[in-house]
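Undergrad:
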Amino acid sequence: AEFTITEDSKDDDQYEEVPPDDEFGLQEDDEDLAKALQTIKEQAEDAQILALQSVLTSEKSVSEIPEAMDDFFCNFLVRLGMSRTLDCFQTEWYELVQRGLLTAKDIELVPTVYTRNQQLEAENMCLKKELENYKHAANKAKEAFLKMQKERDFHRMHHKRVVQEKNRLISDIKRLKAHYASYEPVLKQLTEKYQTALRQKMLTTLERDRAVGQYFISTYTAFLGTDNVFRFYFQEVPVDIQVTTHLTHPKEHTQRLKYGEYKLSSVLKVHDFSVSCLALHPRKDIVVTGSDDHLWKMWALPHGNIIMTGEGHTDWLSGCCFHPSGTQLVTSSGDTTVRIWDFSKRACVLTLAEHTQAVWGCSWHSCGDFVASASMDNTSKIWDINSEKCKYTMRGHKDSVNSIEFLPFSNIVLTSSADKTLSLWDARTGLRVYTFYGHLHSCNHATFNLKGDLIASCDSSGMMKLWDIRKSGPVLSVDAGPRPANHAVFDRTGQVVALASGDGSVKVLQVASGQQSSLRGHSGEVHSVGFHHRAELLLSGGADGKVCLWK
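So in full-length UniProt numbering, the last one in the sequence shown is 551, and the numbering has no gaps at all.
#1: Determine, using beta carbons only, whether residue 97 and residue 86 come nearer to each other than 8 Å.
#2: Since residue 401 contacts residue 360 with CB under 8 Å, what's their CB separation in whole angstroms?
#3: Helix, strand or coil: how does DSSP classify residue 425 here?
#4: Where does residue 62 land, buried or exposed, given buried means 16+ other C-beta within 10 angstroms?
#5: Is residue 592 helix, strand or coil when you go by DSSP?
#6: Kindly list the residues whose CB is nearer than 6 Å to the CB of residue 423, restricted to its own chain and excluding five residues on each side of it in sequence; keep chain order.
#7: Would you say residue 315 and residue 332 are within 8 Å of each other, going by their C-beta atoms?
#8: Closest to residue 370 by C-alpha separation, out of 376, 394, 411, would be which residue?
#9: Give a yes or no on contact between the segment 262-269 and the segment 308-322, applying the rule of three or more CB pairs nearer than 8 Å.
#10: If distances are taken between C-alpha atoms only, which option among 354, 356, 328 comes closest to residue 345?
#11: Buried or exposed: residue 194, going by 16 or more other Cβ atoms within 10 Å of its Cβ?
#12: Check whether the Cβ atoms of residue 375 and residue 383 lie closer than 8 Å to each other.
#13: According to DSSP, is residue 439 helix, strand or coil?
#14: DSSP puts residue 404 in a beta bridge; with which residues?
#15: Indicate the three-state DSSP secondary structure (helix, strand or coil) for residue 197 in the structure shown.
#16: Short of 7 Å in beta carbon distance, which residues of its chain neighbour residue 325, apart from the five on each side in sequence? Order them along the chain.
#17: At which residues does the alpha helix (DSSP H) containing residue 98 begin and terminate?
#18: Alpha carbon to alpha carbon, what distance is there between residue 132 and residue 50?
#19: Check whether the segment 485-493 and the segment 470-477 touch, using three or more Cβ-Cβ pairs below 8 Å as the test.
#20: What number of angstroms, rounded off, separates the C-alpha of residue 403 from the C-alpha of residue 173?
#21: May I ask you to list the residues that DSSP assigns as paired with residue 479?
#22: Pull up the DSSP beta-bridge partners for residue 389, would you.
#23: Does DSSP put residue 550 in a helix, in a strand, or in coil?
#24: Within its chain, find whatever has a CB closer than 6 Å to the CB of residue 349; leave out the 5 residues flanking it on each side and keep chain order.
#25: How big is the Cα-Cα spacing for residue 303 and residue 356?
#26: In whole angstroms, what is the alpha-carbon distance linking residue 612 and residue 151?
#27: Leaving out the 5 sequence neighbours to the left and right, which residues in its chain are closer than 6 Å to residue 261 when beta-carbon positions are compared?
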């Protein structure tokens, strides 16, 4: 290849083409002139190289300029292993550059096609990645779409079924309305008969009361004595055997006990393990005790002769209560069950097992047809003994329900809970009526007095409170701590409260004066207390497996 190099000078001299093999391309006879021209040419080349560098650096930054032509050829020859060609190329290339025979226009850069190919390749890679991502997203969208289609079909089918059920119920309601309309005349007639019978009954009752009053008046005989003083004699009326057990001993129920009168009478060793609960027979001198040994035992008072033993629970007993007639017993246990025991059959006749955790307490309604239970599963239940099913589940407490009790001769149920509250419930509806707030610790037990106007409650810090139901607030607080207070009970007069304490004593509180005394006889924690139907006897059961009798 040949290169034509032209050089402008002041005298417009022309130079012939110089082959690339000649290093300088000058004639020997013109050596002096050639040296002068060479000097001028080198100075011009230096100036031109500097100008070229400034132009190259001013147009673009280094990072934006693609590979130069010489790097492209050098890399190409190195890759092919053409070392001799590479040496010749570098010698001739850099010699021409140093002499200034190659301008920026001649040098140029790597063809734009090569650069464009690289850009397109990089862009192609990015597009492939994006395509894969789009495919993945499309697959997910397809799966979601198919899932939504299945759900839509399911809901359509469910909707059709609901519509069919609704139509069937509408037709049943219409049929029942027509059936009810056919009975309306009969119902009106029966209602009129009932109202007539009710009026007759009321008249009969009034006449009977009037006759009874006249009879009582006639039993008084008054006469004027010789000392001018009227004297009255009273003839006794025959005792009705159906009178309520709570009223069989009116004198005992109305007389008040003196403060500090109770003394330890006897101690009965009834269980090998802790006595967790006790219940007194409503009429007879009999007590039932429940224990951690999974048994309940019936004892005769005051000597403690054993009458009966109940086996069936698989865990500790937590509560026991006599049927109002005294012929049956209900027990609750940590095995999550409530059991009904018949004394005549000497066996368990019914097991109620719908609680999911341990049952803490049980209570029998005064009519004998319903039983209430309280459980660690935060609920309490009303059981119908005749149908042997749960009538209501009472939910509302936020923690374990520790005790439950019916208000005598009513439909009110009292519960105490580890959420530090007491609640009153309507057993006819299973709904909460009122909640008492005031305890700062878990409430272990709560009970009514016989009149039903006071509530006694105790908590795990030993605090006992008396609540007036009519005022819906506390009327007295007694600190019997610091050990827990486990059980509280009123006597028949409602003037004395006995408290089973964790310090091994029985606390006796006079409600009117607020005076408190301690009865000590147990060697361990006292778990349960109870008053005999004769008010002069108090019983307590403790962790030592003993029952103490206090007179």
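Where is the CB? At the ideal position from N, CA and C, for every residue including glycine.
TA: Concretely, from the data shown:
#1: no
#2: 7 Å
#3: Strand.
#4: Here the model assigns residue 62 a pLDDT of 39, short of 50, so the residue's position is not dependable and the matter cannot be decided.
#5: Residue 592 falls outside the range modelled here, since the chain spans only 1 to 551, and no answer is possible.
#6: 415, 432, 435
#7: no
#8: 411
#9: no
#10: 328
#11: exposed
#12: no
#13: coil
#14: Note: residue 404 sits in a beta bridge opposite 415.
#15: helix
#16: 368.
#17: 83-99
#18: 51 Å
#19: These segments do not touch.
#20: 43 Å
#21: 463
#22: 384
#23: strand
#24: 340, 342
#25: 39 Å
#26: Missing from the structure shown is residue 612; the chain here goes from 1 to 551 and no further.
#27: none
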